[in-house]
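Protein chains in written order, with this note's numbering: chain A, 1 to 219; chain B, 1 to 219. In this text, a Cβ means the ideal position worked out from N, Cα and C, and glycines have one as well. Note that this is a predicted model, so its numbers are computed, not measured. Heads up, the thing below is written out as structure tokens.
2 protein chains.
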Amino acid sequence: MRQGVDQHTDSDTDPNARPYHHGALRAQLIAAGLDLVAAEGVGALSLRRLAWEVGVSSGAPYHHFADRAALFAAIVVDGHDLLFSRLDAVRAGSSDAVAALRELLVAYASFAADHSAHMRVMLRPELAESAVHPEVTAAGARPIELLRSTVLAAQDEGAVPPGDPEPVLHMIWSLAVGYVTLWLDGPVEARCTALGTTPDEMIRRVASTVEALLRRPRA
Amino acid sequence: MRQGVDQHTDSDTDPNARPYHHGALRAQLIAAGLDLVAAEGVGALSLRRLAWEVGVSSGAPYHHFADRAALFAAIVVDGHDLLFSRLDAVRAGSSDAVAALRELLVAYASFAADHSAHMRVMLRPELAESAVHPEVTAAGARPIELLRSTVLAAQDEGAVPPGDPEPVLHMIWSLAVGYVTLWLDGPVEARCTALGTTPDEMIRRVASTVEALLRRPRA
DNA sequence: CGGCTATCTAAACGGTGCTCAGATCGCAGT
DNA sequence: ACTGCGATCTGAGCACCGTTTAGATAGCCG
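See below:
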């Protein structure tokens with residue numbers, strides 16, 4: 001770690017000298033934060049250590065983030081953007097709405113696997129203090145709206161019973177969040193290996209189960 | 001706060017003097033921790049503050065808990081005991097296995113509402129460092145075994161298709177954990193009030209939806 | 001070239017987890 | 001009854017944390 005950074009805002013003759021004005025501190029702090037979360041978990045993330053990691057004094061981050069929570073908030077917003085674009089692509093590429101619900105579940109989990117550092121921060125809203133940083137809740141609303149529209153489409157297809165879509169929405173939403181939480185926290189991983197599977201395969205089977213239940217003829 | 005404690009191990013003539021040997025420090029630290037989590041969230045929980053709250057020096061807790069994580073681990077184990085007994089009673093009082101699955105979901109959420117401080121700690125396994133405190137994972141396994149046996153019973157009743165019960169188990173497990181996470185973290189509460197409902201009512205409807213899907217005739 | 005502003009440094013404050021030498025007390029053994 | 005021992009608690013100390021502040025530095029605009 002502690003990679004010396006020499007990115008200047010303009011061309012400089014001396015490539016070894018660390019510039020007084022860093023030039024990309026904000027982005028590098030976020031990147032270093034994600035690296036640190038991936039390597040040692042969210043508990044190890046401190047602004048001081050991040051500053052040291054990037055090669056800057058302990059007070060420097062406060063010119064880019066109001067406080068620790070603001071750094072987390074930036075990571076969460078970034079993660080929700082990535083998540084939404086992935087979910088949106090999956091939704092667009094699905095044949096029908098019920099298949100889309102299955103694929104959304106799988107995509108949510110695979111996003112968590114591919115961007116586990118982002119996800120670990122996203123799952124801990126108290127770190128971002130969403131009450132103080134409302135852009136966090138706004139970013140989190142987009143994936144839910146996507147899910148909601150998919151549930152509505154599944155109702156139009158007749159798979160989901162007509163009426164209030166919210167119970168089904170909350171069911172799939174909670175399922176996705178819960179599975180990913182249990183995955184990243186350990187228990188699902190442990191149980192899957194004990195069962196001779198992988199969490200990746202398991203969410204696929206869970207999602208197929210949900211799809212099969214939705215596709216059963218209505219009584 | 002800062003309730004002066006005068007519990008002596010034996011009778012004492014001076015009721016106002018705080019005893020040198022506290023007598024019930026361990027239990028009181030746990031109780032104060034739960035109070036503090038309920039009042040200010042898990043982020044506010046520190047051993048120093050707990051010690052001050054109970055009226056004891058900052059080093060005293062370390063004679064009862066190896067470290068901060070051990071305190072959290074004790075809370076988690078306690079919580080899982082409470083949760084299991086509640087779930088077990090609900091399971092025993094249900095007419096059939098599918099109804100039991102619905103009631104288990106509702107009971108899980110209502111436990112989270114009634115013991116939110118316990119649940120907030122239980123949902124953050126990194127606080128208890130379950131790798132170092134294996135009794136935590138052992139305590140967490142009992143509710144899952146209960147769920148598993150209920151899913152198996154539902155298979156015997158014909159509602160759940162025969163075969164591997166694990167996908168259905170993971171579905172309900174994740175659903176319960178996810179809903180409670182989203183509830184305690186805020187977004188479900190916000191969405192429900194925006195919808196004119198309560199999270200309590202919503203989990204009932206979600207659980208009924210799951211039950212209805214399971215009861216649909218198999219294709 | 002001069003000044004303005006954003007950026008960064010370094011020091012400081014209070015709080016945290018955790019350790020440790022020493023004080024204190026209950027209790028078991030004689 | 002007394003003595004010693006072990007469990008418990010104190011209080012000081014270390015390293016780290018978030019955050020603030022005064023002051024140094026450098027890019028940029030006039």
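For residue i, collect the residues of the same chain with a Cβ closer than 7 Å to its Cβ; drop the 5 residues on either side in sequence, then sort them by chain order.
{"i": "Ile203(B)", "result": "Leu105, Val106, Ala109 and Tyr179"}
{"i": "Ser57(B)", "result": "Ala51"}
{"i": "Pro161(A)", "result": "Arg218"}
{"i": "Arg91(A)", "result": "Ala100, Leu104, Leu146 and Thr150"}
{"i": "Ile153(B)", "result": "Note on identity: in this sequence residue 153(B) is Ala, with Ile being the wrong assignment. The answer, listed in chain order, is Ala97."}
Can you name the residues of chain B whose CB is closer than 7 Å to the CB of residue i?
{"i": "Val210(A)", "result": "Met171"}
Could you name the residues of the same chain whose beta carbon sits closer than 8 Å to that of residue i, not counting the 5 residues immediately before and after it, in chain order?
{"i": "Leu184(A)", "result": "Ala112, Ser116, Met119, Arg120 and Leu123"}
{"i": "Glu189(B)", "result": "Trp183 and Pro199"}
{"i": "Ile172(A)", "result": "Leu101, Leu104, Leu105, Leu147, Val151 and Val210"}
{"i": "Arg142(A)", "result": "His80 and Phe84"}
{"i": "Pro217(A)", "result": "none"}
{"i": "Glu223(B)", "result": "Here chain B comprises residues numbered 1 to 219, so residue 223(B) is not present and cannot be evaluated."}
{"i": "Glu201(A)", "result": "Cys192"}
{"i": "Ala138(A)", "result": "none"}
{"i": "Arg279(A)", "result": "In the structure as shown, chain A begins at 1 and stops at 219. Residue 279(A) is therefore absent and cannot be evaluated."}
{"i": "Leu169(A)", "result": "Ile144, Leu147, Arg148 and Val151"}
Quick check: residue i and residue j, are their CB atoms within less than 8 Å of each other?
{"i": "Pro167(B)", "j": "Gln155(B)", "result": "no"}
{"i": "Thr181(A)", "j": "Thr181(B)", "result": "yes"}
{"i": "Val210(B)", "j": "Leu87(B)", "result": "no"}
{"i": "Ala159(B)", "j": "Val98(B)", "result": "yes"}
{"i": "Leu45(A)", "j": "Gly33(A)", "result": "yes"}
{"i": "Pro125(A)", "j": "Gly23(B)", "result": "no"}
{"i": "Leu82(B)", "j": "Val54(B)", "result": "no"}
{"i": "Leu213(A)", "j": "Leu214(B)", "result": "yes"}
For residue i, which residues in chain B fall below 8 Å Cβ to Cβ?
{"i": "Met122(A)", "result": "Those within 8 Å of Met122(A) in chain B number zero; the least Cβ separation is about 11 Å."}
{"i": "Arg216(A)", "result": "Leu213, Arg216, Pro217, Arg218 and Ala219"}
Could you name the residues of chain A that residue i contacts, counting a contact when the two beta carbons are closer than 9 Å?
{"i": "Met119(B)", "result": "Going along chain A, no residue has its Cβ under 9 Å from Met119(B), so there is no contact; the nearest lies around 13 Å."}
{"i": "Asp156(B)", "result": "Going along chain A, no residue has its Cβ under 9 Å from Asp156(B), so there is no contact; the nearest lies around 18 Å."}
Could you list which residues in chain A have their beta carbon closer than 7 Å to that of residue i, in chain order?
{"i": "Gly163(B)", "result": "Per Cβ cutoff of 7 Å: no residues; Gly163(B) is ~10 Å from chain A at best."}
For residue i, which residues from the same chain have a beta carbon less than 6 Å from its beta carbon, with the 5 sequence-adjacent residues on both sides left out?
{"i": "Ala176(A)", "result": "Leu105 and Tyr108"}
{"i": "Ala128(A)", "result": "Ala69, Phe72, Ala73, Val76 and Val136"}
{"i": "Gly140(A)", "result": "His80"}
{"i": "Gly43(B)", "result": "none"}
{"i": "Ser94(A)", "result": "Ala100 and Glu103"}
{"i": "Gln7(B)", "result": "Confidence at Gln7(B) is low in this model, with a pLDDT of 39, below 50, so its placement is unreliable and no value can be given for it."}
{"i": "Val5(B)", "result": "Residue confidence for Val5(B) is low, a pLDDT of 44 falling below 50, so the modelled location carries little weight and cannot support an answer."}
{"i": "Ala89(B)", "result": "none"}
Along chain A, in chain order, which residues have C-beta atoms closer than 8 Å to that of residue i?
{"i": "Ser57(B)", "result": "None at all; the shortest Cβ gap to chain A is about 26 Å."}
{"i": "Val98(B)", "result": "None at all; the shortest Cβ gap to chain A is about 12 Å."}
{"i": "Asp185(B)", "result": "Pro125 and Glu126"}
Which residues in chain B sit within 9 Å of residue i, going by Cβ to Cβ distance?
{"i": "Ala176(A)", "result": "Ser174 and Gly178"}
{"i": "Thr181(A)", "result": "Leu123, Ser174, Val177, Gly178 and Thr181"}
{"i": "Glu166(A)", "result": "Arg191, Cys192, Leu195, Thr197, Met202, Arg205 and Val206"}
{"i": "Arg148(A)", "result": "Simply none; closest approach about 10 Å."}
Task: Inter-stretch contact (C-beta, 8 Å, three-pair minimum) for the stretch 62–77 of chain B and the stretch 132–144 of chain B - done: yes
Task: Selection of the stretch 121–146 of chain A by Cβ proximity to chain B, strictly under 9 Å - done: Leu123, Arg124, Pro125, Glu126, Leu127, Ser130, Ala131, Thr137, Gly140, Ala141 and Ile144
TODO: Report yes or no: do the stretch 33–41 of chain A and the stretch 54–68 of chain A share at least 3 C-beta pairs separated by less than 8 Å?
DONE: No, because fewer than three Cβ pairs between the stretch 33–41 of chain A and the stretch 54–68 of chain A fall closer than 8 Å, the two stretches do not touch.
- [ ] Please list the residues of the stretch 76–93 of chain A that have a C-beta atom closer than 9 Å to any C-beta atom in chain B, keeping them in chain order.
- [x] Listed by position, the residues of the stretch 76–93 of chain A near chain B (Cβ gap below 9 Å) amount to none.
Open item on the list: Can you pull out the residues from the stretch 101–116 of chain B whose beta carbon lies closer than 9 Å to at least one beta carbon of chain A?
Closed with: When C-beta distances to chain A are compared with 9 Å, every residue of the stretch 101–116 of chain B stays at or above that value.
Task: Chain-ordered residues of the stretch 32–52 of chain B with a beta carbon less than 8 Å from chain A - done: Gly41, Val42 and Gly43
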